[in-house]
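The structure appears below as structure tokens.
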Amino acid sequence: MTDMAYEERNTWINAAATLVSYVVYLGIILTRAQSVPLVDIDYVAPLLWTLGSSIVASIVGCIVGACIWGRGCGKKDVRDREIELLGGYVGQSFMCMGGSAALILAILKADYFWIANAIYLGCVLSTVLGSITRIVAYRRGLGFC
Amino acid sequence: MKPTRVTNGIRSLRFAHGEMTQAELADRIGVTRQTVIAIEQSRYSPSLEMAFRIARVFGVPLDDVFEYSEDEEATA
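Structure, rendered in structure tokens:
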């Protein structure tokens, strides 16, 4: 962590916060699913809380990271921007998949539960896979793909 | 793994110029130290503009800093 670029460190924090919050959400939903059918579960509160928590955890994590390993804080160069762009391309494709899945589910008149969860999963995959792409690009270079 | 065919002699040039640190070079060309490390390890090909800035820091022509390998295996 000490020798990591500021942006790389933030990418790790963001990916971890998103992944952990989604696992917590899944845990809550699957626990509730033991007594109630999936579509009848009150998923809105856990979804909003875990989504909000992941955003807050990312921000707090980045601030704490900057305080502990402050070197290079806020410094972003051309390589960081190129890597960010590459991660953005990968992440965006999963966001589109989540949106398309939600659209199909809406056309099929699926329950709101499935539509909301398709979008949420799309967001999580977008963040996590976009972050993994960025981390690999930082570690192995932009020419890895 | 070296994903680029562009190799360079930045490390030796730094030592030849009063053991210049990576942080010092990074400051002079306006990038982070991690980017200098990535360039030195051939994990990142700098833009033409950045390459000229690096050459100017050492006061040498571009060819003395960077080399383009024709050998396909050099990138493996």
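Protein chains in written order, with this note's numbering: chain G, 14 to 158; chain E, 3 to 78.
A virtual CB, placed ideally from N, CA and C, is assigned to each residue, including glycine.
Here's a check: name, in chain order, each residue in its chain whose Cβ is nearer than 7 Å to the Cβ of Leu142(G), leaving out the five neighbours to either side. Closer than 7 Å at Cβ, skipping near neighbours: Val103, Gly104 and Phe107.
If we define contact as Cβ-Cβ less than 9 Å, is Glu97(G) a contact residue for chain E? With respect to chain E, the C-beta atom of Glu97(G) has no partner C-beta closer than 9 Å.
Does DSSP classify Tyr38(G) as helix, strand or coil? If DSSP states are grouped into helix, strand and coil, Tyr38(G) belongs with the helices.
Distance between Asp90(G) and Ala28(G) (C-alpha atoms, nearest Å): The alpha-carbon atoms of Ala28(G) and Asp90(G) are separated by roughly 21 Å.
From the DSSP output, in three-state form, read off Val59(E) for me. Three-state result, Val59(E): helix.
Please state whether the Cβ-Cβ distance between Val37(G) and Ser66(G) is less than 9 Å. Cβ atoms of Val37(G) and Ser66(G): closer than 9 Å.
Best match in Arg153(G), Arg92(G) and Leu134(G) for proximity to Gly112(G) [C-alpha to C-alpha]: The option with the nearest alpha carbon to Gly112(G) is Leu134(G).
Under the rule that 16 or more other beta-carbon atoms within 10 Å means buried, what is Gly154(G), buried or exposed? Here Gly154(G) is buried. Its C-beta has 16 or more other C-beta atoms within 10 Å.
Reduced DSSP category for Glu69(E) - H, G, I as helix; E, B as strand; rest coil: The DSSP-derived three-state label of Glu69(E) is strand.
Could you pull out every unbroken alpha helix (DSSP H) segment of at least 4 residues lying fully inside the segment 46-134 of chain G, listed in chain order? Contiguous alpha helix (DSSP H) elements confined to the segment 46-134 of chain G occur at 57-81 and 91-120, taking only those with 4 or more residues.
Using a Cβ-Cβ distance under 9 Å, would Tyr102(G) count as near chain E? Chain E places no beta carbon closer than 9 Å to that of Tyr102(G), leaving this residue out of the contacts.
Applying the criterion that 16 or more other CB atoms from any shown protein chain within 10 Å of the CB defines a buried residue, is Pro48(E) buried or exposed? Counting the other CB atoms within 10 Å of its CB gives Pro48(E) a total of 16 or more, which places it among the buried residues.
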